[in-house]
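S.K.: Let me give you the structure first, and then I'll get to my questions.
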Amino acid sequence: MKKVITYGTFDLLHWGHINLLKRAKEHGDYLIVALSTDEFNQLKHKEAFHSYENRKKILEAIKYVDEVIPEETWDQKIEDIKNYNIHTFVMGDDWENEFDFLEEHCNVVYLSRTVGISTTEIKESLKNY
Numbered sequence: 680m681k682k683v684i685t686y687g688t689f690d691l692l693h694w695g696h697i698n699l700l701k702r703a704k705e706h707g708d709y710l711i712v713a714l715s716t717d718e719f720n721q722l723k724h725k726e727a728f729h730s731y732e733n734r735k736k737i738l739e740a741i742k743y744v745d746e747v748i749p750e751e752t753w754d755q756k757i758e759d760i761k762n763y764n765i766h767t768f769v770m771g772d773d774w775e776n777e778f779d780f781l782e783e784h785c786n787v788v789y790l791s792r793t794v795g796i797s798t799t800e801i802k803e804s805l806k807n808y
């Protein structure tokens, strides 16, 4: 079984997220999403609208997602790859080259982002609504 992992906050879920998850799943048989915890988001100075528990429930309901685990630190990726026997690490191409150091542990794939949608754009639109 080929396992795939991706990381993110996945707040204000939209079709760009769904496209990413679908395309990530196409790289293997089992998709793990490492979901940023509320505490980790605070360390990153990133504010999520939904709590970790609610974002986790939403992700678990998506047919492409097989498992959701907490992302608590920047440095857990190598440990996750080893502990979950990951074959492929997937991220959006806005992170291109940032995780190339993981190539000694698994395949690293950067997927293009969906044009015309982002959580940041949604938040900005809501401010002006």
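So for the sequence shown, the numbering used here puts the first residue at 680; every next one is plus one.
For every residue, glycine included, the Cβ atom is placed at its ideal position computed from N, Cα and C.
Comparing C-alpha positions only, which one of H693, M770, E758, T752 sits nearest to L738?
M.R.: Cα-wise, what sits closest to L738 is H693.
S.K.: Could you spell out the range, first to last residue, of the beta strand (DSSP E) harbouring H706?
M.R.: H706 -> no beta strand (DSSP E), and no H or E assigned at all.
S.K.: So, helix, strand or coil for I801, using DSSP?
M.R.: Looking at I801 - three-state DSSP - the assignment turns out to be helix.
S.K.: Quick one: is F768 buried, meaning 16 or more other Cβ sit within 10 Å of its Cβ, or exposed?
M.R.: buried
S.K.: Taking DSSP as the reference, what is the three-state secondary structure of H784?
M.R.: In the three-state scheme derived from DSSP, where H, G and I count as helix and E and B as strand, H784 is classed as coil.
S.K.: Check whether the Cβ atoms of F728 and L700 sit closer than 8 Å, and answer yes or no.
M.R.: No, the pair does not count as a contact, with Cβ atoms beyond the cut-off.
S.K.: Could you say which of D754, V787, H696, M680 lies nearest to G795 if we only look at CA atoms?
M.R.: Comparing Cα-Cα distances from G795 to each of D754, V787, H696, M680, the minimum goes to H696.
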